[in-house]
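Numbering (our numbering), first residue to last: 2 to 139.
From the three backbone atoms N, C-alpha and C, an ideal C-beta is built for every residue, glycine too.
Since the structure is predicted, the reported quantities are computational estimates derived from the model, not experimental observations.
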Amino acid sequence: MNGTPPKISSANARFAGIILAVLAAGIAATVFFFNPALHRFYPVCQFHRLTGLNCPGCGATRALYALLHGQLSTALRDNAVLVGGLLVVAGRGAWFGAKKLRGQDAEFMRPKFIWPLLVVVLVFTVLRNLPACAFLSP
Ligand SMILES: [Zn+2]
2 MNGTPPKISS ANARFAGIIL AVLAAGIAAT VFFFNPALHR FYPVCQFHRL TGLNCPGCGA
62 TRALYALLHG QLSTALRDNA VLVGGLLVVA GRGAWFGAKK LRGQDAEFMR PKFIWPLLVV
122 VLVFTVLRNL PACAFLSP
């Protein structure tokens with residue numbers, strides 16, 4: 002072991018990207034056509050069911066539905082961290098795609114950004130369960 006992580010071949014990375022894109026499109030299409038407020042086949046949050054508290058994902062499906070139907074304020078009310086996260090992923094994806102199209106080396110997400118993102122999600126989770134920040138609850 003020399004401490005260097007193994008390189009992922011560009012063919013494998015492209016295949017994984019295609020699989021993720023197809024998966025994301027399938028989820029988006031399902032949520033777009035089947036309103037989570039009206040259909041019961043969506044998974045129920047077990048954390049919320051057991052504790053009564055909101056996890057960082059609570060309201061995410063409803064937020065995605067609202068976002069896909071152009072209802073930004075509803076999406077932010079249902080799950081603001083999902084909306085922010087999707088903006089970050091879209092922006093980073095555009096930057097990453099542009100770099101790759103120019104044949105430049107790029108990382109989609111540097112490890113140094115993971116801890117700050119986890120802190121944001123943790124703070125969001127704590128705040129949305131406080132009565133003073135009930136506007137962050139779905
Ligand atoms: Zn939840």
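Taking C-beta to C-beta, are residue i and residue j nearer than 9 angstroms?
i: R63; j: T75; result: yes
i: L51; j: L68; result: no
i: F97; j: F109; result: yes
i: V141; j: L65; result: Residue coverage of the chain in this structure runs from 2 to 139, which leaves residue 141 outside it and unanswerable.
i: F34; j: F42; result: no
Whole-angstrom Cβ separation of residue i and residue j, contact assumed at under 8 angstroms?
i: V84; j: V122; result: Actually they are not in contact, since the Cβ atoms of V84 and V122 sit about 13 angstroms apart, beyond 8 angstroms.
i: F48; j: L54; result: 7 angstroms
i: N80; j: P139; result: 6 angstroms
i: R129; j: L137; result: 4 angstroms
Taking 8 angstroms as the threshold, find out whether the region 90 to 109 comes into contact with the region 49 to 59 through three or more Cβ pairs. In this structure the region 90 to 109 does not lie against the region 49 to 59, because fewer than three pairs of beta carbons, one per stretch, are closer than 8 angstroms.
Can you give, in chain order, each stretch of the alpha helix (DSSP H) that sits fully within the region 37 to 120 and has at least 4 residues? Assignment of alpha helix (DSSP H) within the region 37 to 120, counting only whole runs of 4 or more residues, yields 47 to 52, 61 to 69 and 73 to 102 in chain order.
In chain order, what residues have a CB nearer than 7 angstroms to some heavy atom of ligand 1? So the residues near ligand 1 by this Cβ test are C46, F48, H49, N55, C56, G58 and C59.
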